[in-house]
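Below is one structure, written out as structure tokens, with a few remarks after it.
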Amino acid sequence: MTPFPLLQLPLVAMEHVLCMMSPIELIDVSLTSSRAKRCVKSFSKTKKKFSVSFSNYWSSVSFRRDQMIWTYIIHIDQDDANMCANILKDLENSEIIIKVSEEPLKDIMKWYDYAREVLNCKIYCLALELDHPSSENRRIIDWIAAQTKTVEWLDLSSADEESGDDVNNAQFIDYKQLLRLKSPVIVLRDSILTSQEINRFLRSWMSCETHLDLEALQINILGPNAMNAFYDYHMISQVENEIFTMKRCDGKKQASVTVVQFIDSFSGVDCQEIDGITVENIPSSG
273 MTPFPLLQLP
283 LVAMEHVLCM
293 MSPIELIDVS
303 LTSSRAKRCV
313 KSFSKTKKKF
323 SVSFSNYWSS
333 VSFRRDQMIW
343 TYIIHIDQDD
353 ANMCANILKD
363 LENSEIIIKV
373 SEEPLKDIMK
383 WYDYAREVLN
393 CKIYCLALEL
403 DHPSSENRRI
413 IDWIAAQTKT
423 VEWLDLSSAD
433 EESGDDVNNA
443 QFIDYKQLLR
453 LKSPVIVLRD
463 SILTSQEINR
473 FLRSWMSCET
483 HLDLEALQIN
493 ILGPNAMNAF
503 YDYHMISQVE
513 NEIFTMKRCD
523 GKKQASVTVV
533 QFIDSFSGVD
543 CQEIDGITVE
553 NIPSSG
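In my numbering, the protein residues as written are 273 to 558.
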């Protein structure tokens with residue numbers, strides 16, 4: 273195949289070609305020479321930025337613009353890569369590149385560091401699987417913190433049942449760590465926070481003492497005493513149709529908690545976000 277003389281085109285024509293490329297293609301082009309890298313960096317500064325998501329579940333980086341998603345994934349072996357490709361092959365409006373490496377996390381972080389420089393982008397969404405070693409999750413968090421002070425969306429999850437090991441894996445999301453999370457949207461699944469700690473957090477939020485920029489907080493809590501976080505009449509400003517409403521002292525935001533019954537007589541809450549904190553409780557079946 274005859275090489276395409278991209279860098280020899282007039283500026284307008286070259287930018288027209290670059291506009292038709294995906295973010296991953298732009299990165300590949302920038303790697304061909306130092307001049308190509310300068311051209312792509314200059315081009316990216318003038319264009320609409322991509323929304324970027326990072327996940328340690330598959331060591332992946334996804335770029336979103338409008339309805340299109342481009343995902344770059346690195347797996348530790350070919351079998352995992354093939355399985356991933358099979359799962360994701362039918363996704364609409366998406367393009368997926370899958371590579372294999374002995375150190376997928378290290379390499380995806382290195383790859384994104386370069387992508388961030390070339391495409392002038394930042395991570396919008398961070399999804400962490402807490403079943404990975406805590407040292408690995410800490411490494412990711414420190415890496416993100418070195419790039420930006422906040423992310424727009426944080427999703428923390430764990431597939432394990434509650435256990436001592438689970439607490440160890442999630443040790444950085446205890447109450448003190450929750451106070452350090454400054455993202456406007458926080459999602460904590462299988463949280464180790466107690467109802468008393470959540471009660472304390474909600475009181476601080478209502479008093480405008482913490483997290484003034486918080487828009488939504490979702491916490492899944494296991495255990496028969498989880499609802500105690502909301503059974504405090506001093507916190508409830510309104511009760512209507514079994515919906516408990518809590519308002520912040522400045523009147524700018526409020527949270528809604530709805531108590532419902534799930535099938536098999538498991539009680540819980542189904543929370544509807546108004547424009548404030550959303551808290552969700554799912555009691556254990558035990």
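Where is the CB? At the ideal position from N, CA and C, for every residue including glycine.
C-alpha gap between Asp379 and Ser331, whole angstroms: C-alpha separation (whole angstroms): 9 angstroms.
Which listed residue (Ala285, Ser314, Tyr396 and Lys421) has its alpha carbon closest to that of Asp427: Tyr396
Between the beta-carbon of Leu400 and the beta-carbon of Asn409, is there less than 8 angstroms? yes
Might you give, ordered along the chain, the residues of its own chain that have their beta carbon closer than 8 angstroms to the beta carbon of Glu374, omitting 5 neighbours on each side? Ile348
Sequence-distant residues of the same chain with beta carbon closer than 7 angstroms to Glu287, five excluded per side: Phe315
Runs of alpha helix (DSSP H) lying entirely within the region 306-366, each at least 4 residues, in chain order: 306-317 and 350-360
Apart from the five residues on each side of it in sequence, which residues of its chain come closer than 6 angstroms, Cβ to Cβ, to Ala387? Counting only residues of its own chain and dropping the five nearest sequence neighbours on each side, Ala387 has a CB closer than 6 angstroms to the CB of Ile299.
Counting only the same chain and skipping the five closest in sequence on each side, list residues whose C-beta sits under 7 angstroms from that of Gln443. Residue confidence is low: Gln443 scores 41 on pLDDT, short of 50, so the model does not pin down where it sits. Its coordinate-derived value is still stated next. For Gln443, where only same-chain residues beyond five positions count, the Cβ hits under 7 angstroms are Ser406.
Ordered along the chain, which non-local residues of its own chain (more than five positions away) have a Cβ less than 6 angstroms from that of Leu290? Phe315
State buried or exposed for Cys311, treating a residue as buried only when at least 16 other CB atoms are found within 10 Å of its CB. With 16 or more other Cβ atoms from the protein chains shown falling within 10 Å of its own Cβ, Cys311 counts as buried.
So, with DSSP's three-state summary, where would you put Gln544? Interpretation of Gln544 is limited by its pLDDT of 35, a score under 50 that renders its predicted location unreliable; the figure taken from the coordinates is listed afterwards. Three-state result, Gln544: coil.
Pick from Thr422, Ile464 and Ala285 that is closest to Asp485, judged by C-alpha positions: Thr422
For Ile359 and Ile345, which I take to be in contact (beta-carbon distance under 8 angstroms), what is that distance rounded to the nearest angstrom? Ile359 to Ile345, Cβ: 11 angstroms. No contact.
Are the CB atoms of Lys313 and Arg337 nearer to each other than 8 angstroms? no
Look up Leu486 in the DSSP assignment and say whether it is helix, strand or coil. coil
Between the CA atoms of Leu453 and Phe326 - distance to the nearest angstrom: 17 angstroms
Given the structure, does Ser306 come close to the ligand HEM, in the sense that its CB is under 7 angstroms from one of the ligand's heavy atoms? Absence of the ligand HEM is noted for the structure shown, with no ligands found whatsoever.
Can you look up Asp427 in the DSSP assignment and give me helix, strand or coil? Asp427 falls in the strand class under three-state DSSP.
Here's a check: name, in chain order, each residue in its chain whose Cβ is nearer than 8 angstroms to the Cβ of Val390, leaving out the five neighbours to either side. Leu298, Ile299, Ser302, Lys309, Val312, Lys313 and Ser316
Can you tell which of Val333, Leu451, Asp414 and Pro282 has its C-alpha closest to the C-alpha of Leu474? Leu451
Leaving out the 5 sequence neighbours to the left and right, which residues in its chain are closer than 7 angstroms to Pro277 when beta-carbon positions are compared? There are no such residues.
Three-state secondary structure (DSSP) at Lys454? Judged by DSSP in its simplified three-state form, Lys454 adopts coil rather than helix or strand.
Using three-state DSSP, classify Asp437 as helix, strand or coil. Because the pLDDT of Asp437 is 25, which lies under 50, any placement of that residue in the model is unreliable, and the number read from its coordinates should be weighed accordingly. It is helical.
Would you tell me roughly how many angstroms separate the C-alpha atoms of Pro295 and Ser334, rounded to the nearest one? 10 angstroms
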